[in-house]
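For the sequence shown, our numbering begins at 1 and goes up steadily by one.
Structure first, then comments.
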Amino acid sequence: MRRRRNEAEDARSGRGAACKKAGKALYMLLPILLTLAGCVRGGAGGPEEASASFFGMDTYITLTAYGEGARSALADAQERMAQLEQSLSATDAGSDVYVLNHGGGKPVAVGEDTESLVSFVLEMAERTDGALDPTIYPVLLAWGFTAEENRVPGEEELARLLSKVDYRKVAVGDGVITLPEGMALDLGAVGKGYAGDVLAGLLREAGVQSALLDLGGNVQVLGGKPDGSDWRVGIRNPAGEGILGVLAVRDVAVVTSGSYERFFLGEDGSRYGHIIDPGTGYPVENGLLSVTVVAAEGKYCDALSTALFVMGREGAVEYWRTHRDFEMILAAEGGEILVTEGLAARFARGEQGGGWKVGVVE
Ligand code: AMP
Ligand code: MG
């Protein structure tokens with residue numbers, strides 16, 4: 001049951017387009033099967049390895065942890081993950097977010113996770129000047145991304161829906177969130193990152209010092225590998241197969257956003273991706289193919305990778321130069337990879353990275 005890995009990488013940041021098409025139904029059964037199997041392996045003299053794979057937050061999740069207590073910690077992590085999804089999902093009837101989105105503008109009492117994550121995402125919306133906006137949901141629905149029945153909305157429809165998009169109108173505090181009628185929240189841009197932080201914290205508390213959490217391409221690692229070396233996280237090639245490069249890291253989250261992860265082709269052959277520019281209501285199309293963010297916290301990486309993708313190459317570089325509390329890798333049309341200076345020594349070109357030009361951002 002051990003995960004098969006490419007020799008060069010332990011995980012990949014960035015979800016493949018094929019992922020969501022594979023058998024979701026089968027994956028719904030897998031948690032039970034895999035958890036029962038336990039996936040525990042005593043290494044040859046190394047610490048015990050435990051792993052669990054299951055479907056959650058609309059993606060495939062694989063958690064691998066090492067050492068004593070890893071197995072029971074993973075069982076707890078899987079349970080906690082289900083709980084998070086029940087609060088944060090926009091589509092599960094009964095979740096905090098669902099109740100808010102269908103609450104007709106009334107204040108709604110929410111759980112701690114929801115309050116904490118909504119507060120965080122509003123703060124990030126402010127810091128990114130609205131490039132990240134969790135109230136984009138009505139627009140996302142119009143493009144059909146949640147229903148998988150995609151369509152291109154008309155200008156008037158988009159203008160009407162954009163009048164319902166404004167993170168500044170969401171009020172949160174004391175366990176209560178108020179969303180004006182007609183508006184709707186979507187935590188899809190930050191949910192997996194937040195979940196990564198929660199699960200990493202849970203594993204740390206259980207005494208786990210080495211783990212690899214792969215939440216559908218949102219990778220979060222605890223410590224280094226059991227042998228003391230760095231984890232090796234592959235960055236997907238957003239323009240095709242394989243990987244662009246490999247990052248050697250420890251104790252960080254590595255989160256990638258890109259339109260290649262989820263998109264549809266319009267009748268005219270245009271590509272429409274799942275990340276929407278809140279300024280226009282249209283899927284982002286600015287020459288960037290993917291943005292990978294590396295920092296200690298998964299939720300920070302997740303919020304930023306989406307926001308920087310919206311900002312585009314120049315905006316992302318300018319944002320990094322202003323803040324410098326994260327590192328990033330940009331992949332742009334034309335075959336260019338930009339790596340911020342703190343990552344330059346940790347990044348090595350991968351099998352598909354040969355034709356790309358690598359530049360360092362200082
Ligand atoms: P990610 O893969 O983390 O970049 O998140 C993308 C998801 O966030 C999309 O599938 C939507 O659910 C949501 N989303 C799309 N555009 C935005 C945006 N501008 N601000 C916030 N959430 C967004
Ligand atoms: Mg994100």
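Yeah, the Cβ is synthetic: ideal placement off N, Cα and C, and Gly gets one too.
| Query | Result |
| --- | --- |
| Between the CA atoms of glycine 46 and glycine 287 - distance to the nearest angstrom | 45 Å |
| Reduced DSSP category for alanine 70 - H, G, I as helix; E, B as strand; rest coil | helix |
| Three-state secondary structure (DSSP) of arginine 41 | At arginine 41 the pLDDT is 48, less than 50, meaning the model places this residue with poor confidence and gives no usable figure here. |
| Nearest neighbour of glycine 67, chosen from Leu330, Ala331, Ala211 [CA to CA] | Ala211 |
| Closest residue to valine 165 among Pro138, Gly144, Val172 (Cα-Cα distance) | Pro138 |
| Proximity test, alanine 323 beta-carbon vs the ligand AMP heavy atom, cut-off 7 Å | Note that residue 323 is histidine in the sequence shown, not alanine. Incorrect: histidine 323 has no Cβ contact closer than 7 Å to the ligand AMP. |
| Backbone CA spacing between glutamine 83 and glycine 355 [nearest angstrom] | 44 Å |
| Three-state class that DSSP yields for methionine 311 in the structure shown | helix |
| Glycine 38 versus glutamate 49 - alpha carbon distance | In this prediction, glycine 38 has a pLDDT of 39, which is less than 50 and means its spatial position is unreliable; what the coordinates show is noted afterwards. Near 10 Å, if we compare the C-alpha coordinates of glutamate 49 and glycine 38. |
| Heavy atom of the ligand AMP within 7 Å of leucine 140 beta-carbon | yes |
| Residue of Leu187, Lys192, Gln220, Ala189 minimising C-alpha distance to leucine 203 | Gln220 |
| Neighbouring residues (CB closer than 7 Å to any heavy atom of the ligand MG) | Ala189, Val190, Gly193, Val255, Ser257, Asp302, Ala303, Ser305, Thr306 |
| Nonlocal neighbours in the same chain, by C-beta distance under 6 Å from leucine 36, ignoring five residues either side | Here the model assigns leucine 36 a pLDDT of 33, short of 50, so the residue's position is not dependable, and the following value carries that caveat. The answer is none, since no qualifying residue turns up. |
| Spatial distance of valine 310 from isoleucine 177 (CA atoms) | 26 Å |
| CA-to-CA distance, valine 99 to valine 361, given in whole angstroms | 44 Å |
| Arginine 232 versus glycine 14 - alpha carbon distance | 14 Å |
| Beta-carbon proximity list for lysine 357, same chain, < 8 Å, skipping 5 on both sides | Gly335, Glu336, Ile337 |
| Sequence-distant residues of its chain with Cβ nearer than 7 Å to proline 180 (five each side left out) | Gly105, Lys169 |
| Leucine 265 burial status per 10 Å Cβ neighbour count (16 or more: buried) | exposed |
| heavy atom of the ligand AMP below 7 Å from leucine 179 C-beta | no |
| C-beta atoms of leucine 199 and leucine 63 nearer than 8 Å | yes |
| Identity of the residue in Asp174, Gly103, Leu215 nearest glycine 188 by Cα | Leu215 |
| Reduced DSSP secondary structure (H/G/I, E/B, other) of alanine 147 | coil |
| Other residues of its chain near valine 339: CB distance less than 6 Å, five sequence neighbours each side excluded | Ile329, Phe347, Val360 |
| heavy atom of the ligand GTP below 7 Å from tyrosine 282 C-beta | The ligand GTP is not among the ligands present in this structure, which contains only the ligand AMP and the ligand MG. |
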